[in-house]
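*Asks:* Under the UniProt record's numbering, the residues of the sequence shown are numbered 1 to 794, in order.
Every residue, glycine too, gets a C-beta built ideally from N, C-alpha and C.
Because the structure is a prediction, the values reported are computed rather than measured.
Dropping the structure in here first, questions after.
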Amino acid sequence: MHSERTDDTLEKPVIPLFEIVVYPDSRTKFPVDRATGDLLQKAMKDEQVAYAVGLTVKSGISPAEVNTDSLYTIGNLFRVLHMQPAEDGYLVCAQVVHRVNVHSLSERDGRFYAIYELVSNRLDLEEDQKDQILAEIKSTIHEISSHFNGSEQFVQPIDRMDSIDQIIGFVMPFIPVGLAEKQALLEIVSVRERYVTFLEILVRAREEIAIRIEMAKKVSERVNRSNREAMLREQMKVIQEELGESDGAGGDGNYRDRIEKARMPDDVRKKALTEVKKLETGGSQNHESSIIRNYLDLLLDLPWVTEEKKSIDIGEARRVLESHHNGLEKVKERIIQHLAVMKLKHEKQGSILLFAGSPGTGKTSLGKSIAEALGRKYIRISLGGIKDEAEIRGHRRTYVGALPGRIIQGMKKAGTKNPVFILDEIDKLASSYAGDPASALLEVLDPEQNNSFSDHYLEVPYDLSDVLFIATANSLATIPPPLLDRMELIEISGYTKNEKFAIAKDHLIPETLKEHGLDADMLQIDDEALKVIIEKYTREAGVRWLGKQLAKTARYVSEKIVSGTAELPFIVTVDNLQEILGKEIIRQEVARKEPVPGVVTGLAWTPVGGEILFIEGTFMPGTGKLTLTGQLGDVMKESATISLSLIRSRLANTQNGFNFMTSDIHVHVPSGATPKDGPSAGVTLFTALSSLITGRTVDPNLAMTGEITLSGAVLPVGGIKEKILAAHRAGIRKVILPKENERDLADVPEDVRSELAFVPVETVEEVLREALGIELPRTVVLHPGNSFAPIENL
């Protein structure tokens, strides 16, 4: 071995380094086995200097398992300074000469030899930048060392160092990072990158140490506080036992002080002090002491004074509502208007809001968003199934187990005088022998009375006028009229298909992924597949069932991922949707392709949205009887009778010679198992019978809605938005609707309106002209003997 030759033409012995990484410009000590030590000693004796290549062994490999693949190829060339005997070998002290890249490794006689090349730094850092990084490194090391006692001896040598590489070699063995990360730092060629990476490691270590110390301090404080409180309680217990006050009034003076300090109204303070006096004079055997204490605790816990109110920020409220809720534009605008009135009236609101709509339309979450927008506490109680008045007004304290009502309990929980209070499912209140809770709510929800709400348990008036009450209901039919009269109704009709799509993309899918331990890299739902889920697997005004179908999809994918049979990301498409969710649940009616006489497309409203329905008619020899099938209600039966009378009066003398007296007419509405009723099928029934009698067909792409009178007028109907959306979904291109409903088209989304043609009508003559091409003059009454003018121009 030649002492001064350190080039790559000669083999050098390899010293495996276990769980340490050595850096340039540093010295190190490491153990070697006896055979390697003898080799190094011989070299030092022969040539006065010994060189060796130090390579770190990959983590987790024992000395007996080391082979050429176990060693990192980037290491350092060591110059051995001195050696001293140690157990099972030698302890070697060496100086790092240069960083090297080993491009050839061999093994002989149980030892490794390397042929290497020197690795030079890429000098891409200016001197002033290097000085800045050096100063930052020393500052960070000082911050880390400040957490440990006796660290001055460690920091002083670093302060004298001017080389960042020297600091790296000195500090890195003490930094708690993995072996692979330490090796990666050694392998960085760029000076800038290596120094910045080292600084990042120091900063990360500083933050981790600070967090651990903070957590340890909190745990210590908590333990000390718990021990102190336990000791004080034990001492207080002993003192009370010595005084004979363990069950008596030992803490009554504390109640009196707390009441004096509390900001209660005068009448409430007077009542509380009276109860304290009872407690003080009752003695140790007072069986009412626990009841009185519970009552006083409630008085002290209730908020009696409104804290400083935050100014209502209408812009922030609008932003919160827009970010949390897609669609419902009119509802959100109505809420903003209500908040604007509150701002002008300094929050002395004069109305209680009632959100009414189908399940899953976001009524409760709207209340939560209002609370967030106002910066107030959010309290919710569910009234579904409550049939005891005491649930609202509380029990009288004379009863065993008496409790305050849910309103007062909610105020205690809120801890503030002006929370947003949600009264959920107000339409599902019941009544029984225990009273009518709906009547008890009349005082709560009346802005003229709730400033002195009386709870049976509380026994003193409580001011609820600062509370923003919001009630929710699915149906208005079961809410008593006096209670409904005290609330301002905001109806939530439901979401369009496009709104459901946006809600699913922005809210439901991220929430579902989070709830099932998934992310976007594991599960993705194709847009077309999502549209099919909305159209074919859900039928609702809200989005609750849509959320359930997405959860079902997530569960399916979770099982595939856990079992190892899914390729990530798993993409839900239209092709694999049936495999995930099963067969389609909803049968969606679509426009017919071929026109048939007597068949007309109508529009209907249902609680889960609009839909189209077909009214079919046929005739046969008979005696003039009208048969109606399809489980029609009384209103639709009356509409059919009115339609037939109108047709006989208008079309009795048509040129096709239809004889009403010798023909039976049968009208059927498909899906006979589904009950149907409502005041909106008159125009459709009239057109179907007219088509049947004249033999003229109606365009399958034409749908209609509206009610008729016996005089031939077309009356307005409700649910226009839902009906138009159903027509658009079914492929309808033209819609006949009452003239007075033309204003309701403003509620229909612009993208739907632009694809449909609308024909507003006022009379059945206009309906016949548009649907069947029959020009029928407006009929006028002449005299009882000859009721109508003759019909021409059919």
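Roughly how many angstroms separate the alpha carbons of residue 268 and residue 292, rounded to a whole number?
*Replies:* For this step, residue 268 is matched to residue 268 along the sequence shown. For this step, residue 292 is matched to residue 292 along the sequence shown. So the two alpha carbons sit approximately 15 Å from each other.
*Asks:* Would you call residue 82 buried or exposed, if buried means 16 or more other Cβ atoms sit within 10 Å of its Cβ?
*Replies:* For the purposes of this step, residue 82 is identified with residue 82 of the sequence shown, where counting begins at 1. Answer is exposed; the Cβ neighbour count stays below 16.
*Asks:* Below 6 Å CB to CB, which residues in the same chain sit around residue 202 once its five sequence neighbours on both sides are set aside?
*Replies:* If you number the sequence shown from 1, residue 202 lands on position 202. Cβ neighbours of residue 202 beyond the five flanking positions: 140.
*Asks:* Taking only the alpha-carbon atoms, compute the straight-line gap between residue 176 and residue 10 and give it to the nearest angstrom.
*Replies:* Within the sequence shown, residue 176 is the residue found at index 176, counting from 1. Within the sequence shown, residue 10 is the residue found at index 10, counting from 1. So the alpha carbons of these two residues sit roughly 37 Å apart.
*Asks:* Measuring straight from C-alpha to C-alpha, what distance separates residue 762 and residue 430?
*Replies:* Residue 762 sits at position 762 when you count from the first residue of the sequence shown. Residue 430 sits at position 430 when you count from the first residue of the sequence shown. Residue 762 and residue 430: Cα-Cα distance of roughly 44 Å.
*Asks:* Which term fits residue 51, buried or exposed, when burial requires 16 or more other beta carbons within 10 angstroms of its beta carbon?
*Replies:* Position 51 of the sequence shown holds residue 51. Buried, since its Cβ has 16 or more Cβ neighbours within 10 Å.
*Asks:* If we count Cβ pairs, one from each stretch, closer than 8 Å, do we get three or more for the region 625-633 versus the region 558-567?
*Replies:* No: the two stretches stay apart, fewer than three of their Cβ pairs being nearer than 8 Å.
*Asks:* Tell me which residue opens and which closes the alpha helix (DSSP H) that residue 768 is part of.
*Replies:* In the sequence shown, counting from the first residue as 1, residue 768 sits at position 768. 764-772 is the span of the alpha helix (DSSP H), which, as asked, contains residue 768.
*Asks:* Might you give, ordered along the chain, the residues of its own chain that have their beta carbon closer than 7 Å to the beta carbon of residue 194, omitting 5 neighbours on each side?
*Replies:* In the sequence shown, the residue the question calls residue 194 occupies position 194. Hits under 7 Å: 185 and 188.
*Asks:* Run through DSSP, which three-state label would residue 575 get?
*Replies:* By 1-based counting over the sequence shown, the position of residue 575 is 575. It is helical.
*Asks:* Does DSSP put residue 594 in a helix, in a strand, or in coil?
*Replies:* Locating residue 594 in the sequence shown gives position 594, counting from the first residue. Looking at residue 594 - three-state DSSP - the assignment turns out to be coil, as it is neither helix nor strand.
*Asks:* According to DSSP, is residue 80 part of a helix, a strand, or is it coil?
*Replies:* As a first step, residue 80 must be located in the sequence shown, where it is residue number 80. Correct three-state label for residue 80: strand.
*Asks:* Within 10 angstroms of the Cβ of residue 109, are there 16 or more other Cβ atoms? Answer buried if so, exposed if not.
*Replies:* Residue mapping note: residue 109 aligns to position 109 of the sequence shown, counting from 1. With fewer than 16 Cβ atoms within 10 Å of its Cβ, residue 109 is classed as exposed.
*Asks:* Helix, strand or coil: how does DSSP classify residue 520 here?
*Replies:* As a working note, residue 520 is residue 520 in the sequence shown. Residue 520: coil per DSSP, three-state reduction.
*Asks:* So, with DSSP's three-state summary, where would you put residue 634?
*Replies:* Locating residue 634 in the sequence shown gives position 634, counting from the first residue. It is helical.
*Asks:* Locate the alpha helix (DSSP H) running through residue 606, then write down its first and last residues.
*Replies:* Position 606 of the sequence shown, counted from the start, is the residue given in the question as residue 606. Looking at the DSSP string, residue 606 is not in any alpha helix (DSSP H); the run it does join, the beta strand (DSSP E), is 599-606.
*Asks:* Starting from the C-beta of residue 21, find all residues in its chain whose C-beta is less than 6 Å away, skip the five residues before and the five after it, and write them out in chain order.
*Replies:* Reading the sequence shown from its first residue, position 21 is the one you call residue 21. 56, 182, 183 and 186, listed in sequence order.
*Asks:* Using a 10 Å radius around the Cβ and a threshold of 16 neighbouring Cβ atoms, would you call residue 599 buried or exposed?
*Replies:* If you number the sequence shown from 1, residue 599 lands on position 599. Counting Cβ neighbours within 10 Å, residue 599 comes out buried, since at least 16 surround it.
*Asks:* Does the Cβ-Cβ distance between residue 670 and residue 614 come in under 7 Å?
*Replies:* As a position in the sequence shown, residue 670 is number 670, starting the count at 1. As a position in the sequence shown, residue 614 is number 614, starting the count at 1. Result yes, Cβ atoms of residue 670 and residue 614 sit closer than 7 Å.
*Asks:* Could you check whether residue 708 and residue 744 sit closer than 7 Å to each other, using their CB atoms as the reference points?
*Replies:* For the purposes of this step, residue 744 is identified with residue 744 of the sequence shown, where counting begins at 1. For the purposes of this step, residue 708 is identified with residue 708 of the sequence shown, where counting begins at 1. Not closer than 7 Å, so no.
*Asks:* Less than 8 Å between the CB atoms is what I'm expecting for residue 626 and residue 612, so what's the real figure, rounded?
*Replies:* Against the sequence shown, residue 626 aligns to sequence position 626. Against the sequence shown, residue 612 aligns to sequence position 612. 24 Å between Cβ atoms; not a contact.
*Asks:* Would you list the residues sitting across from residue 553 in a DSSP beta bridge?
*Replies:* Here residue 553 is taken as the residue at index 553 of the sequence shown, counted from 1. According to DSSP, residue 553 bridges with nothing at all.
*Asks:* So, at 6 Å on beta carbons, what are the nonlocal neighbours of residue 249 in its own chain, with the 5 sequence-adjacent residues on each side left out?
*Replies:* Against the sequence shown, residue 249 aligns to sequence position 249. Residue confidence for residue 249 is low, a pLDDT of 41 falling below 50, so the modelled location carries little weight; the figure read from the coordinates is stated next. Excluding positions up to five away in sequence, the list reads 279 and 280.
*Asks:* Write down every uninterrupted run of the alpha helix (DSSP H) in the region 430-492 whose length is 4 residues or greater and which is fully enclosed by it, in chain order.
*Replies:* Runs found: 437-444 and 481-485.
*Asks:* Ordered along the chain, which non-local residues of its own chain (more than five positions away) have a Cβ less than 8 Å from that of residue 495?
*Replies:* Position 495 of the sequence shown holds residue 495. For residue 495, where only same-chain residues beyond five positions count, the Cβ hits under 8 Å are 326, 327, 328, 361, 503, 541, 542 and 543.
*Asks:* Would you mind stating whether residue 471 and residue 339 have Cβ atoms separated by less than 7 Å?
*Replies:* One-based indexing of the sequence shown puts residue 471 at position 471. One-based indexing of the sequence shown puts residue 339 at position 339. Cβ distance not < 7 Å, so residue 471 and residue 339 don't count as in contact.
*Asks:* Can you grab the Cα-Cα spacing for the pair residue 714 / residue 556, in whole Å?
*Replies:* As a first step, residue 714 must be located in the sequence shown, where it is residue number 714. As a first step, residue 556 must be located in the sequence shown, where it is residue number 556. About 52 Å.
*Asks:* Return the bridge partner residues of residue 508 from the DSSP annotation.
*Replies:* Looking up residue 508 in the sequence shown gives position 508. Paired residues: none, contrary to the question.
*Asks:* Give a yes or no on whether the C-beta atoms belonging to residue 742 and residue 760 are separated by under 7 Å.
*Replies:* For this step, residue 742 is matched to residue 742 along the sequence shown. For this step, residue 760 is matched to residue 760 along the sequence shown. Result yes, Cβ atoms of residue 742 and residue 760 sit closer than 7 Å.
*Asks:* Using three-state DSSP, classify residue 379 as helix, strand or coil.
*Replies:* Locating residue 379 in the sequence shown gives position 379, counting from the first residue. Looking at residue 379 - three-state DSSP - the assignment turns out to be strand.
*Asks:* Quick one: Cα of residue 112 to Cα of residue 13, how far?
*Replies:* For the purposes of this step, residue 112 is taken as the residue at position 112 of the sequence shown. For the purposes of this step, residue 13 is taken as the residue at position 13 of the sequence shown. One C-alpha to the other measures close to 6 Å.
*Asks:* Go through its chain and collect everything with a Cβ distance to residue 486's Cβ below 7 Å, but skip five positions before and after it.
*Replies:* The residue given as residue 486 occupies position 486 in the sequence shown. Only 352, 442, 445 and 446 meet the Cβ criterion.
*Asks:* Go to residue 750, then tell me how far its alpha helix (DSSP H) extends in each direction, as first and last residue.
*Replies:* Start at 1 with the first residue of the sequence shown, and residue 750 comes out as number 750. Element bounds for residue 750: 750-753.
*Asks:* Who are the near neighbours of residue 158 in its chain, counting only those whose CB is closer than 8 Å to its CB and skipping five residues on each side?
*Replies:* Counting from one through the sequence shown, the residue named residue 158 turns up at place 158. Counting only Cβ-Cβ distances below 8 Å, and skipping sequence neighbours, we find 138, 141, 167, 170 and 171.
*Asks:* Who are residue 166's beta bridge partners in DSSP?
*Replies:* In the sequence shown, residue 166 corresponds to position 166, counting from 1. According to DSSP, which records beta bridges pairwise, residue 166 is partnered with nothing at all.
*Asks:* Looking at C-alpha atoms only, which residue of 462, 704 and 47 is the closest neighbour of residue 449?
*Replies:* Taking the sequence shown and counting its residues from 1, one reaches residue 449 at position 449. Taking only the C-alpha atoms, the option nearest residue 449 is 462.
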